[in-house]
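The opening position of the sequence shown corresponds to residue 4 in the working numbering, with each subsequent residue numbered one higher.
One structure is given here, and the rest of the page talks about it.
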Amino acid sequence: MMQSFNRTTITSCLTVLILLLCTFSTANDLKEVVVLNSYHYGFKWTADINEAISEQFRQDESTRLFYEFMDSKRFHSDEYFQTLFEQYRLKYKNHKVDGVICSDNRAFDFFSEHGKEIWGNVPAIFCGVNDIGEQLDRVDSTRQAIVHEIIDVKGTIDLIELLQPELEEIIVISDKTLSGNIFLNQFIEAFDSKHRNYTYRIINNTKPDLLKKALNKIPSSNRAIYLLSLYTEHNGIPNEMVLESQYFFNELNIPLYSNWDFLMPDLIVGGKILKAADQGQLSAILMQQLLNNETIPTHNYPEDQIIIDEITLLKNQLSEEYLPDNILLINEDNHFIERHKKELTIILIILIIFIFIILLLVSDIIKRKSVEISFIDSEKRLELAISGANEGLWDIDLEKKTFFINEQYAKLLEYKTASEFRFNLSNWQEFVFSQDIEQIKEAYNIHRDGIAEVFQCEARLIKKDGSLSWFSIHGKITERINGKPIRITGIILNINNQKAFEKELQNAKEKAEESDRLKSSFLANMSHEIRTPMNAILGFTDLLIYGQLSGIEQNEYLNMIKRSGENLLTLINDIIDISKIESGELKISADKININELIKEVHIVGLSLCSSLNKPVDVRINPLANSSAEILTDPLRVYQILLNLVSNAIKFTNKGFVEIDYSIINDNELKLSVKDSGPGISDEDQKVIFERFRQVDESTIKKHGGTGLGLSITKSLVELMNGNITLISKPRKGSQFIVKLPVKTISSIPTN
Ligand code: ADP
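Given below as C-alpha cells:
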C-alpha cells in the first residue's frame, strides 16, 4: 500500500515538475524587443519601417514587440526628451527586454544617451541612421549594428540626365532638418564631381508661401526638380513631406525626382529609391540574428534601386526609350483603366446608350426600308402588270387639283414622257373628243352618287398628233371626306382594235342582213323571172293548142314562147355562171378571134333587142380601123361581157343612143366601152351595182326584169381575165362602162 502511494506520489510530482519546467522554459524563451521610433505614430516613413519589422517577426512567436514613438519631428525640447527618458525608465524599470531597434537618428542619439539606463546593456540595431559621425565609437560592435540610410544622390542625378538629355537646370529642394542638410551636401558634392552641361539652383528652408511663389516662377521646359527633403513648419510643427509634396508639386508641370518611396506613386517620376520597408526588414533580420547570438556586421546597407512611375513619366512627356535596364517600373500605363474608371464608366454608358439608339434607328431604318422595298416591289409589279396589260394609270387629287399619270399613259397617247403631257383638271376636256365629254361626266356623276360602284366609260381621247383613239376608262373614288370625293384613281385601256372589230362585226352583220334581204328579194325575183317566161310559154302553148288562131297569131305566139324560153335560158345560164365562178370551175380559154366580127355580132343582137323592145334608141358601133384585128382571148367570155353591158344599156335607155366603142391599145390591151344616154347611175349606187343581186331600184325590176346578177358576173369575168371594169356615170347624164382586158394581138405573137 505504502509502495503504491509512493509510486503514485512520485509520478504526480514528476508530472507537475515537467509541467512547471515546460512553463518556465517557455517564459524563459520569449524574447522582447522594443522598437524605438524617432517620429510619431502614423508618420509614413516610420509606419513603413514598423510594418516591415512586424512582418519579419510575424512568423516568430517567441518574440514580442513594444513600439515607442518619440514624436521628435514635432516635439524636440531637451525638457521633453528628459521627460521621455524618465517615462521609459519608469516603464521598463521592472521589465527586462532583450533588444532595442532604434529607427532614425533621433532614436539612435536617445539610445546612446539613455539606453543603458532604461533597458540595460541590451543588443541594439540602429536603423535609418545617416549621420553617425563621431558617435560611431558609442556603438558596441559586439552586440549592436547600424543600418545606414544613405541616399544615392549621384545615381539620381545620372537618371535625370538620362531621361532629360536637353536638361538646362535642376531645382534642388531641401529643408533645415539634419537629413536635409546632409542630403544637400551630398548633392553639391555629386554635382561638382564632374562637368555638367546644365546648372542647378537650390531652394532651401523656405517658407511655404515663398516656396510656392518660387516654384511658380520656374519655366517648365528642360527643367527638373530634385526633392531631397521638405518638412516645412505649420504652427511650429512640420507637416509630413508626402503631404507637402502633393501641395507644392501636384499642379507643377516640371518632372519631379526624389529618393523616397513614400512619394510614389503619382508624384515623382522616380529616382534611386530608398525604401523604408527595406530598412525595417534588414533591421529586424539583424535583431533576430543578434537574439540568436549570431555575429553580424556593424555596418549594413540595404540596396537601393531605380524605380520609375510610368504614368508620371508619360504625364511629364518623358520618353521611355532612355530608361536604363534593371529598373523597377511601377504604376504602369495599364492602370489607365483603374485611374479613369469613373470617366470610362460614363463614356461606356454613353456609348451603350449611343449604340442602343443607333440600333434602334438602324432597325427602324431597316424596317422602313423593307416596307419601302416591298412597297416599291408591289408598285413595280403593279406598274409591270399595268404596262404589260397596255394600261395607263391615272390618279387625281381633287383637293390639291393634281393629276398624276404614269409613263404608259403618256405612251398610249403617243407622248414621249408623262411630263410632256400637259394635262390637268381644268383643261382635261381639250384632250377628249367633244362628242364623248358628256358621257365621261355622266359616268363620273353616277359613280360619285353611288349609283355605280365604279367609274367606267368609253371615250375617244385626242392623241399628240391630233388623231383619235378609243379608250376604255375605269376608275374608283378611293378617298372621301364627309362624302366629298378627294381622290380618284384608275386606268385607261386602248380599245381601238376592239372598236374596229366591233365595227367590222356590225358591218358584217349589216351585210349579212342585207345579203339575206337581197337573197330573199333574189328568190322572189327569180321565181318571178322563172314564172314569167314559164307562164308565157305555158299560156301561149295553151292558146296554140286550144285556140283557133290565125297563122299570124300563131307565129307571134310561137315567137313569144321562143323569147320566153330564151329568157329562161339566160337566167339559167347566169345562175350556172355564178355557181361556176363561186366554185372556181369557170376557166378562161385563149382562142384566136377577130374582134371586129365579135363586136358586130353583139351589135346585131343589140339591134334586135332594141327592136323587140320597141325602143327609139340608136344602137351604134364604132368599128376598128384595122378590120382584121385578130387577137388571142376567150371569145365566149368577151362576148358575154359585152352583151351584158349592151343589154343593160338598151334595157335602161328609153331614147337616144347606145354606143359600142372598142380599141386595141399597145397590142396588148382590149378596151371596150358601152355608152348610153340612159338615166345614169348615182355615185352611191355605183358602189353597189357590181355586187350580186344588187339593183338600184326595185321598180326597175318590175319594169325591166333582171336578177341583179349581170354586172356581178361581168365584173367576175373581167377580173378572171385579169382586166378591170370602170363606170363613168351621172344621174340623167347616161352611163359609160369601160372594160380593159389584157390580150395578145396576132401580129404581136412571134411566129416560129
Ligand atoms: P339586172 O340588169 O339583172 O337588174 P345587173 O347586174 O345587170 O342586173 O344590173 C344591176 C343594176 O344596175 C340594174 O338593175 C340597174 O339598176 C343598173 N344598171 C345597169 N346598167 C345600167 C345602165 N346602162 N344604165 C342605168 N342603170 C344600169
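Think of the CB as a built atom: it goes at the ideal place given N, C-alpha and C, for glycine as much as any other residue.
At what residues does the alpha helix (DSSP H) containing residue i begin and finish?
| i | result |
| --- | --- |
| D51 | 47 to 61 |
| A593 | Per DSSP, A593 belongs to no alpha helix (DSSP H) and is neither H nor E. |
| W122 | 108 to 122 |
| V272 | Careful: V272 lies outside any alpha helix (DSSP H) and carries neither H nor E. |
| T573 | 554 to 586 |
| D468 | Neither: D468 is in no alpha helix (DSSP H) and is coded neither H nor E. |
| T717 | 713 to 723 |
| R451 | 437 to 451 |
| V608 | 598 to 616 |
| P126 | Run containing P126: none; DSSP gives neither H nor E here. |
| A455 | Premise fails: A455 is in no alpha helix (DSSP H) and is neither H nor E. |
Around the C-beta of residue i, are 16 or more other C-beta atoms found within 10 angstroms, so that it is buried, or is it exposed?
| i | result |
| --- | --- |
| E346 | exposed |
| D195 | exposed |
| R109 | buried |
| D212 | exposed |
| G737 | buried |
| K444 | exposed |
| C25 | Reliability of the predicted coordinates at C25 is poor, the pLDDT of 40 falling under 50, and no value is obtained from them. |
| L574 | buried |
| E375 | exposed |
| N97 | exposed |
| Y95 | buried |
| T29 | With a pLDDT of 44 at T29, under the threshold of 50, the modelled position of that residue is not reliable, and no figure is offered here. |
| I353 | exposed |
| L289 | buried |
| E394 | buried |
| L744 | buried |
| L321 | buried |
| D107 | buried |
| I2 | Residue 2 cannot be examined here, being either before or after the span of the chain that is shown, 4 to 755. |
| A515 | exposed |
| S373 | exposed |
| P619 | exposed |
Could you give the first and the last residue of the continuous beta strand (DSSP E) run that contains residue i?
| i | result |
| --- | --- |
| L331 | 331 to 333 |
| T636 | 633 to 636 |
| N40 | 34 to 40 |
| H151 | 147 to 151 |
| K674 | 672 to 679 |
| R204 | 202 to 207 |
| F406 | 405 to 408 |
| L730 | 727 to 732 |
| N625 | 620 to 625 |
| Q167 | Segment: none, Q167 is in no beta strand (DSSP E) and carries neither H nor E. |
| D312 | 308 to 312 |
| F424 | Per DSSP, F424 belongs to no beta strand (DSSP E) and is neither H nor E. |
| T492 | 487 to 497 |
| F434 | Neither: F434 is in no beta strand (DSSP E) and is coded neither H nor E. |
| G683 | Per DSSP, G683 belongs to no beta strand (DSSP E) and is neither H nor E. |
Find out if the Cβ-Cβ distance for the pair residue i, residue j is shorter than 7 Å.
| i | j | result |
| --- | --- | --- |
| I491 | R483 | no |
| D161 | L233 | no |
| V661 | V622 | yes |
| L464 | F504 | no |
| I728 | V742 | yes |
| E313 | L326 | no |
| L601 | Y665 | no |
| D134 | I191 | no |
| H43 | D74 | yes |
| Q291 | P305 | no |
| L720 | I644 | yes |
| F740 | L639 | no |
| F60 | A287 | yes |
| S518 | N499 | no |
| S732 | I684 | yes |
| E152 | G131 | yes |
| D637 | S592 | yes |
| D439 | A462 | yes |
*Counting pairs of Cβ atoms below 8 Å between the region 255 to 264 and the region 197 to 215, do you hit three or more?*
no
*Give a yes or no on contact between the region 220 to 237 and the region 162 to 181, applying the rule of three or more CB pairs nearer than 8 Å.*
yes
*Do three or more CB pairs link the region 119 to 126 to the region 269 to 278 at distances below 8 Å?*
At 8 Å Cβ cutoff, the stretches do not touch.
*Decide if the region 121 to 131 is in contact with the region 147 to 161; the criterion is three or more beta carbon pairs, one per stretch, under 8 Å apart.*
Flag = yes, the region 121 to 131 and the region 147 to 161 touch.
*Do the region 460 to 474 and the region 414 to 424 make contact, defined as three or more Cβ pairs closer than 8 Å?*
yes
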